[in-house]
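Below you'll find the structure, written out as structure tokens, and then a few comments.
Below you can see the structure in the form of structure tokens.
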């Protein structure tokens, strides 16, 4: 029940294309869903986050879509650029304040 | 510059030796965390601390120990009891341990034990 399942494990997208990463969870007590971006050899950094009372949040080229009934959320990267090549982690946070991370998606954007 | 520093970036140890990883933050955050990252497994919580002189076990605490004697410091000791210590270790902090408090991560320490 504490798991967050992320897919795909790796993703290759052409420059200008749309990158889509999906996550699913079971625990309905989760109430905060952040996405982190990690470049090789660096620590993750918060990219965008959403609460379950909204269905979509957009920041620049990055959009989170949230489906509360299906217990799924996804990250969409529009107009993907080579500089977006990184590992992306979804996560969920419950009332206890601990983050549960997905397994990660390694994104490669080809020029 | 405010942030989290971890040292060293790379660490090599022989099997059977304890090793301590450093984590310092100057963000004036109350909460600090240690995660372990392995390929294909995401980040797994080892220990966390909500306040000075207090800490709790995370999901994979066996073979690890921590201390929190100062607000800005949260060192992690990987003991010889940890069966598979080779990994990338990440330290993080947040203002408090509330659900919507952003966690800020350090650059990580890659530990290799042979």
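Protein chains in written order, with the working numbering: chain A, 1 to 111; chain B, 1 to 114.
We put the beta carbon where it would ideally sit given N, CA and C, even for glycine.
Computed from a predicted structure; not experimentally measured.
Checklist entry - Cα separation between residue 68 of chain A and residue 114 of chain B? => result The straight-line gap from Cα to Cα measures roughly 46 Å.
Checklist entry - Is there at least one Cβ from chain A nearer than 8 Å to residue 98 of chain B's Cβ? => result Closer than 8 Å to some Cβ of chain A, the Cβ of residue 98 of chain B qualifies, so yes.
Checklist entry - For the segment 34-63 of chain B, which residues have a CB atom closer than 9 Å to at least one CB atom of chain A, in sequence order? => result So the close ones are 35, 37, 39, 40, 41, 42, 43, 44, 45, 48, 50, 58, 59.
Item to check | Contact belief for residue 18 of chain B with residue 77 of chain B at Cβ below 8 Å, rounded distance in angstroms | outcome: Yes, residue 18 of chain B and residue 77 of chain B are in contact; Cβ-Cβ is about 6 Å, under 8 Å.
Checklist entry - When the Cα of residue 25 of chain B is compared with those of B:99, B:112, B:95, B:101, which residue comes out closest? => result Among B:99, B:112, B:95, B:101, the Cα nearest to that of residue 25 of chain B is on B:95.
Checklist entry - Since residue 44 of chain B is in the beta strand (DSSP E), which residue starts that stretch and which ends it? => result Residue 44 of chain B -> beta strand (DSSP E) spans 43-51.
Checklist entry - From the DSSP output, which residues share a beta bridge with residue 105 of chain A? => result In the DSSP output, where bridge partners are listed per residue, residue 105 of chain A has A:88.
Next on the checklist: Tell me the DSSP secondary structure of residue 44 of chain A in three-state form.
Outcome noted: In the three-state reduction of the DSSP assignment, residue 44 of chain A falls in the coil class, being assigned neither a helical nor a strand state.
Next on the checklist: Quick check on residue 75 of chain B - is its C-beta less than 8 Å from some C-beta in chain A?
Outcome noted: Chain A, which has no Cβ nearer than 8 Å to the Cβ of residue 75 of chain B, makes this no.
Item to check | Residues of its chain near residue 21 of chain A, where Cβ-Cβ distance is below 6 Å and the 5 sequence neighbours each way are ignored | outcome: Cβ neighbours of residue 21 of chain A beyond the five flanking positions: 75, 88, 105.
Checklist entry - So, helix, strand or coil for residue 82 of chain A, using DSSP? => result Annotated three-state conformation of residue 82 of chain A is helix, per DSSP.
Checklist entry - DSSP on residue 39 of chain A, reduced to helix/strand/coil? => result Three-state DSSP puts residue 39 of chain A in coil, outside helix and strand.
Next on the checklist: What does the Cβ neighbour count give for residue 16 of chain B, buried or exposed, with the cut at 16 atoms within 10 Å?
Outcome noted: Answer is exposed; the Cβ neighbour count stays below 16.
Checklist entry - Where does residue 60 of chain A land, buried or exposed, given buried means 16+ other C-beta within 10 angstroms? => result Exposed: under 16 other Cβ atoms inside 10 Å.
Item to check | Cα-Cα separation, residue 77 of chain A to residue 81 of chain B | outcome: Here the alpha carbon of residue 77 of chain A sits roughly 42 Å from the alpha carbon of residue 81 of chain B.
Next on the checklist: If you measure between the beta carbons of residue 13 of chain A and residue 90 of chain A, is that distance less than 8 Å?
Outcome noted: No, these two residues do not count as a Cβ contact at 8 Å.
Next on the checklist: By the three-class DSSP mapping on this structure, what secondary structure does residue 28 of chain A have?
Outcome noted: Assigned with DSSP and collapsed to three states, residue 28 of chain A falls in coil, not helix or strand.
Next on the checklist: Considering only the alpha carbon of each residue, which of A:101, A:108, A:97 lies closest to residue 100 of chain B?
Outcome noted: For the residues A:101, A:108, A:97, the minimum Cα distance to residue 100 of chain B belongs to A:97.
Next on the checklist: What would DSSP say about residue 73 of chain B, mapped onto helix, strand or coil?
Outcome noted: Strand at residue 73 of chain B.
Checklist entry - Considering only C-alpha positions, which residue in the set B:69, B:38, B:63 is nearest to residue 49 of chain B? => result From the listed residues B:69, B:38, B:63, the smallest Cα separation to residue 49 of chain B is found for B:69.
Next on the checklist: For residue 49 of chain A and residue 62 of chain B, I'd like the C-alpha separation in whole angstroms.
Outcome noted: Distance between the alpha carbons of residue 49 of chain A and residue 62 of chain B: 31 Å.
Next on the checklist: Between residue 74 of chain B and residue 45 of chain A, how many whole angstroms is the CB-CB distance? I'm expecting something under 8 Å.
Outcome noted: Under the criterion of beta carbons closer than 8 Å, residue 74 of chain B and residue 45 of chain A do not qualify as touching, at roughly 19 Å.
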